[in-house]
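Undergrad:
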Amino acid sequence: MIAVPYQELSADALQGLLEDFVTRQGYDTTTVDQGLEDWVLQVKQQLIKGLLVIVFDPVTQSVTVLTQSEYSKRLQNAGH
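-10 is the number of the first residue of the sequence shown in our numbering; add one for each residue after it.
1) Any idea if L30 is buried or exposed, counting beta-carbon neighbours within 10 angstroms, 16 or more meaning buried?
2) Thinking just about the alpha-carbon of each residue, which of A(-8), M(-10), K33 is nearest to the one in A0?
3) Can you check DSSP and say which residues form a bridge with S51?
4) Output needed for Y60: all residues of its chain with C-beta closer than 8 Å, excluding positions within five of it in sequence on either side, in chain order.
5) What would DSSP say about G39, mapped onto helix, strand or coil?
What follows is the structure, given as structure tokens:
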């Protein structure tokens, strides 16, 4: 698993990744108060704060967003 700094993604790629993440995670994007853009902004802020990390898995050729602790655990498990 390889951490991908969000700053290295184009604005469009980051937006698409975050929208995909939000919709896959089951966030309720239908409420008036919390639309898709609001959830995406919240996730982006967590990326900026270092609470979340974008991860590329070369085995599955997939990209996902993990919490920093989830990423650390997966790295430790991969080393064993």
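Think of the CB as a built atom: it goes at the ideal place given N, C-alpha and C, for glycine as much as any other residue.
Computed from a predicted model, the values in this text were never measured in an experiment.
TA: Inspection of the coordinates gives the following:
1) Translated into positions along the sequence shown, residue 30 becomes position 41. It is exposed - the Cβ of L30 has fewer than 16 other Cβ atoms within 10 Å.
2) Position 11 of the sequence shown holds residue 0. In this structure, K33 is the residue among A(-8), M(-10), K33 with its C-alpha nearest to the C-alpha of A0.
3) The sequence position of residue 51 within the sequence shown is 62, counting from 1. Beta-bridge pairing links S51 to D46.
4) Looking up residue 60 in the sequence shown gives position 71. So the list reads M(-10), A(-8), V42, V44, once near-sequence residues are dropped.
5) Walking along the sequence shown from the start, residue 39 turns up at place 50. G39: coil per DSSP, three-state reduction.
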